[in-house]
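The structure is reproduced here in structure tokens:
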């Protein structure tokens, strides 16, 4: 019975390890998405600022 419990423990540890890897991957993806969103926001604001700063030619 002990060996079966040992196998189960090893399996659970493996699952825990994979969950940890998945959490790390998801955190990196979230940070990447946040960076891209921030970069797009900055680019949009820079364009809007350029419109305001540049006198319109009529």
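Numbering (the working numbering), first residue to last: 334 to 391.
For each residue, glycine too, the CB sits at the ideal point set by N, CA and C.
Keep in mind that this is a model prediction, so the values were computed, not measured.
In the same chain as residue 358, and ignoring 5 residues on each side of it, no C-beta atom comes closer than 6 Å to its own.
If the five residues before and after residue 361 are omitted, its C-beta is found closer than 6 Å to no C-beta atom of its own chain. For residue 357, the uninterrupted alpha helix (DSSP H) segment begins and ends at 335-386.
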